[in-house]
Amino acid sequence: MPALFTSLCITLATGAGAASAAVSPAAAPASHYTGTLADGATWIADTPAHWNGTLVLFSHGFGPPTAADAPSQASADALLSQGYALAGSSYDPNGSWWALASAERDQFATLTAVEQLLGRPTRVLSVGESMGGLINSQIVQDGAGRINAALNLCGLVGGGVNLNNYQLNAEYAITKLLPGASGIPIRDYATPDAGSAAATQMVAAITQAQSNTAGRARIALASALLNESDWAPGQSAPAQRDFAGQEAQEYTWLTSGQLQFIEFGRYYIELAAGGDSSWNAGLDYAALLRGSAHYDQVRALYRQAGLNLDADLATLTRGAHYTAEPGSLAAMQATSTNTGHLAVPLLDVHTTADQLVPVEQESAFAQKVRAAGDSALLRQAYVARQGHCNFTTAEIVAALDTVDQRATDGYWGAGTSAASLQAAATALNLDGAAFVRYRPAALLVQSPAPRGF
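In terms of my numbering, the sequence shown opens at residue 414 and continues consecutively.
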């Protein structure tokens with residue numbers, strides 16, 4: 414199991430006692446409850462000594478089917494201290510870690526179970542993190558009458574079909590263009606560890622390629638196709654025209670566990686969908702790259718290396734042959750996408766340098782929400798920091814307080830501006846905040862599905 418996986422696992426301490434009697438909201442003691450749903454999923458709930466009447470329904474990210482009701486123990490403690498009650502499920506323990514087939518159902522069933530136990534909350538706020546953000550976007554579209562408002566943290570709101578496609582594009586470019594990478598499998602892994610092993614081979618080829626200008630140019634191309642961040646941990650963000658510096662930090666991400674996580678996870682996505690849903694057959698890679706925010710960087714590094722970018726893009730286009738495996742695309746479209754419809758207000762918060770769920774997914778989601786006619790219900794906010802779901806407790810609590818206020822007031826007001834969120838988070842005197850004004854680039858991915866898929 415790749416080390417980077419631990420950044421997405423959510424593990425909370427759970428008590429031993431299961432709930433057996435109803436408790437009125439006004440008198441709810443500080444308690445921990447557990448239960449089991451019809452499909453075998455488990456749920457947990459925690460209530461503070463003095464409940465404010467708001468229940469937080471938390472959808473956790475990709476990982477083992479373990480019930481969680483907050484992004485972290487620190488955020489759970491902070492939210493309980495403010496009077497929020499917390500609940501969340503494991504999702505179906507008999508299925509894939511890519512639990513989209515059962516997750517929304519299990520979350521609504523958890524809400525029903527907790528309401529039967531505690532009584533009807535004054536408000537229900539749904540919160541999703543990472544893969545749980547995609548789940549939460551489905552809860553939001555279907556939650557009229559059950560959910561009052563919602564918060565996503567680093568949510569995979571661009572959907573599973575897009576995720577598979579842009580990852581395939583990058584993997585394909587690596588194995589097609591980098592010496593030493595030819596023949597490395599990029600899908601149909603027999604086990605998750607087989608995926609990790611393939612990623613290790615890719616990393617070896619990338620490491621070798623980094624030693625020369627031609628290799629660095631091609632790494633930049635693959636990174637652009639992956640929607641890779643160019644701001645790596647422990648480093649300062651490179652300047653806008655510092656193309657070499659950008660590539661160096663993209664290389665750091667690629668060789669620091671990112672690819673191992675991606676390929677490890679691909680096994681579980683394929684398991685859930687009955688095959689790999691991604692495709693590139695018929696894709697024009699030159700036309701695709703022209704839409705990238707990193708197009709100028711790639712062109713500059715190719716010129717510096719004396720390489721013909723058009724020739725490499727033609728090679729990719731000519732060799733593109735992957736098609737969605739039978740039934741898999743339909744399964745992913747049915748379980749692992751959202752419509753863009755918002756039945757309740759939603760605040761999305763994302764770090765600006767997210768290596769696993771690129772911030773550009775927010776652009777794709779906003780476009781879908783606009784097409785559904787629900788832009789007035791969506792707000793998006795950004796934190797200037799590297800890493801997936803790398804939020805402080807103050808940022809999480811301030812964002813949720815803002816969503817709670819939206820549910821109370823019935824309008825957004827100015828509370829979702831970067832300045833307002835920063836002030837609210839700082840006032841908590843917890844662990845700091847870095848909300849900033851930011852506009853993500855477009856998500857670089859082929860869409861829609863070709864005719865006949």
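We put the CB at the ideal spot given by N, CA and C, even for glycine. Since this is a predicted model, take the numbers as computed values, not measurements.
Please report the Cβ distance between residue i and residue j, rounded to the nearest whole angstrom; I am assuming they are in contact, meaning their Cβ atoms lie under 8 Å.
i: Gly501; j: His473; result: 6 Å
i: Gln710; j: Ala633; result: 6 Å
i: Glu867; j: Val570; result: The structure shown has nothing for residue 867, since the chain only spans 414 to 866.
i: Val757; j: Ala443; result: About 29 Å separates the two Cβ atoms, so there is no contact after all.
i: Asn721; j: Tyr585; result: With 8 Å as the limit, Asn721 and Tyr585 do not qualify as a contact, their Cβ atoms being about 19 Å apart.
i: Val469; j: Tyr497; result: 5 Å
i: Gln554; j: Leu760; result: Going by Cβ atoms, the distance from Gln554 to Leu760 rounds to 15 Å, so no, they are not a contact pair.
i: Leu590; j: Arg533; result: Not a contact, Cβ separation roughly 58 Å.
Compare the C-alpha of residue i against each of the options and name the closest.
i: Gly545; options: Thr588, Pro477, Leu590; result: Pro477
i: His763; options: Ala847, Val616, Pro646, Ser649; result: Ala847
i: Ala645; options: Ala489, Ala661, Ala777; result: Ala661
i: Thr479; options: Gly828, Gln520, Val469; result: Gln520
i: Asp482; options: Gly496, Ala458, Asp490; result: Ala458
i: Asp844; options: Thr455, Ala811, Leu684, Gln614; result: Ala811
i: Leu499; options: Gln486, Trp511, Asp505; result: Gln486
i: Ser830; options: Val816, Pro534, Asn842, Asn465; result: Val816
i: Glu738; options: Leu684, Thr665, Leu702; result: Leu684
i: Ala794; options: Gln835, Arg783, Leu755, Ser503; result: Gln835
i: Met770; options: Ala650, Ser860, Arg783, Glu641; result: One detail in the question is off: residue 770 reads as Val in this sequence, not Met. The residue with the shortest Cα to Cα distance from Val770 is Glu641.
i: Thr460; options: Thr449, Ser494, Gly448; result: Ser494
i: Gly572; options: Leu742, Trp456, Leu791, Pro592; result: Leu742
Below 8 Å between beta carbons: does that hold for residue i and residue j?
i: Ile587; j: Ala627; result: no
i: Ala612; j: Ala594; result: no
i: Leu581; j: Leu547; result: no
i: Val796; j: Asn578; result: no
i: Ala563; j: Leu524; result: no
i: Leu566; j: Phe778; result: no
i: Ala807; j: Ala827; result: no
i: Gly740; j: Gly688; result: yes
i: Ser550; j: Ala454; result: no
i: Asp505; j: Asp452; result: yes
i: Ala733; j: Gly695; result: yes
i: Ala744; j: Ala686; result: yes
i: Val574; j: Gln746; result: yes
Note the first and the last residue of the continuous alpha helix (DSSP H) segment covering residue i.
i: Trp666; result: 656 to 666
i: Tyr715; result: 708 to 718
i: Tyr698; result: 698 to 703
i: Glu680; result: A quick correction: the sequence has Tyr, not Glu, at residue 680. 672 to 686 is the span of the alpha helix (DSSP H), which, as asked, contains Tyr680.
i: Val816; result: 806 to 822
i: Asp606; result: 605 to 622
Quick check: is the beta carbon of residue i nearer than 8 Å to any beta carbon in chain B?
i: Leu759; result: Considering every chain present, this structure includes no chain B. It has just one protein chain.
Locate the beta strand (DSSP E) running through residue i, then write down its first and last residues.
i: Thr460; result: 455 to 460
i: Gln580; result: Where Gln580 is concerned, there is no enclosing beta strand (DSSP E), although the alpha helix (DSSP H) it sits in stretches over 573 to 590.
i: Ala747; result: That residue, Ala747, is in no beta strand (DSSP E); its alpha helix (DSSP H) goes 741 to 748.
i: Val796; result: 791 to 799
Could you tell me which whole beta strand (DSSP E) segments of length 3 or greater appear in the region 525 to 567?
536 to 542, 562 to 566
Q.
Report the start-end ranges of each beta strand (DSSP E) in the region 447 to 520 that is 3 residues or longer and not cut off at the edges.
A. 455 to 460, 467 to 472, 498 to 502
List in chain order: all unbroken beta strand (DSSP E) runs of 3+ residues lying wholly within the region 743 to 789. 759 to 766
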